[in-house]
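Report on the following structure.
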Amino acid sequence: MILSIALPTPLRRLFDYLPPAAHPLPALGCRVRVPFGRRHCLGIVVAHKAASELPVERLRAVEAVLDPEPLLPAPILALALWAADYYQHPVGEVLFGLLPGPLRRGKPAREVQKRWCAQGEGEALARAPRQRALHQWLAERGGATAGELAAAGFTPALLRELARKGLVRAVASIPPAVVAAPVAKPAEGPPLRAEQRAALAALDGEGFRVTLLFGDTGTGKTEVYLAAIQGCLERGRQALVLVPEIGLTPQTVERFRRRFGGCVAQYHSGLPEGERLAAWRDAASGRARILIGTRSAVFVPLPDLGMVVVDEEHDPSFKQQEGFRYHARDLAVVRARNAAVPVVLGSATPSLETLHNVERGRYRMVRLTERAAPRPPRWQLVDLRGSPLRGGLAAPTLEAIGRHLDAGRQVLVFLNRRGYAPVLLCHHCGWQAHCPRCSVRLVAHRSRNRLLCHHCEHGEPLPHTCPACGSADLRYAGQGTERLAETLSALFPGVPVVRVDRDSTRTVRTLEKALERIRGGEPCLLLGTQMLAKGHHFPGVTLAVLLDVDGGLLSPDFRAAERTAQLALQVAGRAGRGATPGEVILQSHYCDHPFFARLVEGDYAGLARDLLAQRRRLGLPPFRPLACFRAEAPVAEAAERFLVEVRARGERMLPPPAGCWIGPLPGTPERVRGRARFVLTVLGASRRALGATLAALCHDLESCRPPPGLRWSLDVDPQETG
Ligand code: ADP
Ligand code: ZN
Ligand code: ZN
15 MILSIALPTP
25 LRRLFDYLPP
35 AAHPLPALGC
45 RVRVPFGRRH
55 CLGIVVAHKA
65 ASELPVERLR
75 AVEAVLDPEP
85 LLPAPILALA
95 LWAADYYQHP
105 VGEVLFGLLP
115 GPLRRGKPAR
125 EVQKRWCAQG
135 EGEALARAPR
145 QRALHQWLAE
155 RGGATAGELA
165 AAGFTPALLR
175 ELARKGLVRA
185 VASIPPAVVA
195 APVAKPAEGP
205 PLRAEQRAAL
215 AALDGEGFRV
225 TLLFGDTGTG
235 KTEVYLAAIQ
245 GCLERGRQAL
255 VLVPEIGLTP
265 QTVERFRRRF
275 GGCVAQYHSG
285 LPEGERLAAW
295 RDAASGRARI
305 LIGTRSAVFV
315 PLPDLGMVVV
325 DEEHDPSFKQ
335 QEGFRYHARD
345 LAVVRARNAA
355 VPVVLGSATP
365 SLETLHNVER
375 GRYRMVRLTE
385 RAAPRPPRWQ
395 LVDLRGSPLR
405 GGLAAPTLEA
415 IGRHLDAGRQ
425 VLVFLNRRGY
435 APVLLCHHCG
445 WQAHCPRCSV
455 RLVAHRSRNR
465 LLCHHCEHGE
475 PLPHTCPACG
485 SADLRYAGQG
495 TERLAETLSA
505 LFPGVPVVRV
515 DRDSTRTVRT
525 LEKALERIRG
535 GEPCLLLGTQ
545 MLAKGHHFPG
555 VTLAVLLDVD
565 GGLLSPDFRA
575 AERTAQLALQ
585 VAGRAGRGAT
595 PGEVILQSHY
605 CDHPFFARLV
615 EGDYAGLARD
625 LLAQRRRLGL
635 PPFRPLACFR
645 AEAPVAEAAE
655 RFLVEVRARG
665 ERMLPPPAGC
675 WIGPLPGTPE
685 RVRGRARFVL
695 TVLGASRRAL
705 GATLAALCHD
715 LESCRPPPGL
725 RWSLDVDPQE
735 TG
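Going by this note's numbering, the sequence shown opens with residue 15, and the numbers climb by one from there.
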């Protein structure tokens, strides 16, 4: 018997080993230690084979088996292998990448603690009162860990003394679960409305099917998930809930815990490693009944998985943008299919991919149309052409803001640009601040007194004079949230301005503080980036103002219009969630564009139909699968030449019309961290043909040494094509 093993290397292949001597055959999904070249490393057993392509005498044997039973149960192993193949990512990197750090480094799957217990008689310690106290303490509480001993004030030396005298012994024990047992009876939710009950009936039950739950914010999607999950728990199953990065707030977890008690575990990259590991263990052991997490949670084992929920399924954060570029929503569907359980995709603005799957009859759609708010918000397009602006705001916009504030309400202003100003320029000679390593301008962050690059870590102090000509006439052009906050404070003196973006809220706590203030309900101006668009409830906000959304129409990225619509409608959804209907203002230079006409009707379904028709005409996703090869190198020619070669090979395997090859074109930005970037895009007529070509190409590319300093990557179903 031969073991096929995945190793943490960037090679797209498995390695054959002989089973360890004098050890039962390790099961699939177990970690093993193997010799690799002159090193030793951990591997994961992926297959048992009858024979190897290599002669047996050249095979080496596994040195040790770390797991008595699979660390990766069969469904997770299958999902990971499927994903490695689909995304053409090295299988070892996929498997090791999905493990919490300590498990990746060989820590045991099950936590075992050493507890010290008293034994023998303490009488003998009459002359050592401190040792005797420790002995007695251990006897009374039935043992303690080293940490508990230290916390109670006993020194390690005391313990050593007792051990020497044979008055304590170490016992291995499984620590108590971090999560609590499921509550016998979950808290009551509100009685569901008729359309929610209909939705619940569609998603409740067993067997694989995908349901899109399409309803505006506030139409009660989460209540439907909660009710469906309750049914799932009652059947003795576990539930997996995926949420976008920004969506996983303490309130979200709180809402689930209020309903289901302590059996809810959370899993995301922001957790300390130890907590991540604990959540993984609780989920994998079945102690946690609900796992709620961001994209990486899709790979956490759940032995009794009964349903999967993907909230805000259109959110771009479900796609990993570097390394192993997987889409967690799509993998969630694959996982549910393999496990034969239902999956629910929820959104107010579903992705075109998902809507297309509904059109094709692959997914079912259930709509929720009744909002908790009285009426949908009223939209107003404010034409920027020729109109005088104050701080980027037109007169009708300023008037509306003033009116809502005077009425004691809150106003939300959305501007998706961080910092003070995107450009610092010299009025005398035209110099602009550029990043020395990237082909982008530096963004001025005045509160920090720095110029920062938003593509690398470069930062420098704000200059007082022009580095080119020495003039002191440096000016800011354009505005980010920081400058807008200043502008708004000046225009509306006395009104508090609460800014929410990545700079103003670097910790969850500062964000919570800002949100608390807003929830207090006092009139204020709430200003922020897309961080504001998601998940939060602001009942006091009655006006939402959207600035600078034209970029979405002008961008060369084919997803830009879809993104803009999603973001705009999400922001609009923040207005008027309380008792008063909301108003939304959108400023634009392109008010006649049909896109905005649809948008202001709040008609996302209609807009999506238009965009889908456009994509169909152009032969873009979701009608044809797309993939990008990216290459970067210190010298632009090297990156370009490499991709020209990739294209030549690829075109031989998948010539037009089966494959449509575009590029290589310079990336956006063209240079990052001193490295030039190029992109080669390919559209396939069928997924199968494209997948086979990508696999063959990656195999080819791997077998030849790339030019020195060149790095390449493949992105299947990219979210960004720059
Ligand atoms: P969504 O997830 O679509 O944004 P939520 O489920 O969060 O919507 O519901 C919005 C608000 O309406 C919440 O405060 C929720 O408790 C409330 N709500 C939802 N459904 C009902 C219902 N059937 N009866 C009363 N309140 C409800
Ligand atoms: Zn100058
Ligand atoms: Zn830079």
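No residue lacks a Cβ here, since even glycine has one placed at the ideal position from N, Cα and C.
With respect to the beta strand (DSSP E) encompassing residue i, which residues constitute its N-terminal and C-terminal limits?
| i | result |
| --- | --- |
| W445 | That residue, W445, is in no beta strand (DSSP E); it is neither H nor E in DSSP. |
| L181 | No beta strand (DSSP E) contains L181, which DSSP labels as neither H nor E. |
| P721 | Where P721 is concerned, there is no enclosing beta strand (DSSP E), given that its DSSP letter is neither H nor E. |
| G375 | Taken as a continuous stretch (DSSP letters only), G375 belongs to no beta strand (DSSP E), as it is neither H nor E. |
| D397 | 392-397 |
| A491 | 488-491 |
| R53 | 53-63 |
| Y281 | 278-281 |
| E597 | 597-602 |
| H459 | 457-459 |
Along the alpha helix (DSSP H) that carries residue i, what are the first and last residues, could you check?
| i | result |
| --- | --- |
| M545 | Element bounds for M545: n/a, residue is neither H nor E. |
| D729 | No alpha helix (DSSP H) contains D729, which is instead part of the beta strand (DSSP E) from 725-730. |
| R129 | Run containing R129: none in the alpha helix (DSSP H); it sits in the beta strand (DSSP E), 127-132. |
| S299 | 287-299 |
| S503 | 495-505 |
| H149 | 143-155 |
| G566 | 565-568 |
| L625 | 618-632 |
| F428 | No alpha helix (DSSP H) holds F428; the beta strand (DSSP E) holding it covers 424-428. |
| Q733 | Unbroken run through Q733: none, as it is neither H nor E. |
Answer with buried or exposed for residue i, where buried requires no fewer than 16 other C-beta atoms within 10 angstroms of its C-beta.
| i | result |
| --- | --- |
| L540 | buried |
| D729 | buried |
| P636 | buried |
| D420 | exposed |
| D606 | exposed |
| M321 | buried |
| Q584 | buried |
| P40 | buried |
| C246 | buried |
| R702 | exposed |
| G494 | buried |
| V649 | exposed |
| V380 | buried |
| Q102 | buried |
| A165 | exposed |
| G554 | buried |
In the DSSP assignment, what residue or residues form a beta bridge with residue i?
| i | result |
| --- | --- |
| G673 | G698 |
| F692 | A645, P680 |
| F29 | I19 |
| A78 | R47 |
| A158 | W130 |
| F228 | S361, R381 |
| V511 | L539 |
| P475 | R464 |
| A653 | Paired residue(s): none; A653 is not in a bridge. |
Just to confirm, are residue i and residue j a CB contact at a threshold of 8 Å?
| i | j | result |
| --- | --- | --- |
| G203 | E248 | no |
| L668 | G698 | yes |
| V48 | H54 | yes |
| V224 | I306 | no |
| S331 | R309 | yes |
| L227 | G444 | no |
| A653 | R623 | no |
| P595 | R423 | no |
| G57 | V70 | no |
| Y604 | A579 | no |
| R455 | P481 | no |
| V182 | L139 | no |
| L366 | E576 | yes |
| E597 | R295 | no |
| Q280 | L262 | yes |
| A547 | L581 | yes |
| V323 | Y377 | no |
| E209 | L488 | no |
- Hey, which residues come within less than 6 Å of ligand 2, measuring from Cβ to any heavy atom, in chain order? This selection yields C440, H442, C443, W445, C480, A482, C483, S485.
message: Under 5 Å, CB to any heavy atom of ligand 3. Which residues pass, going along the chain?
response: C449, R451, C452, C467, H469, C470, H472
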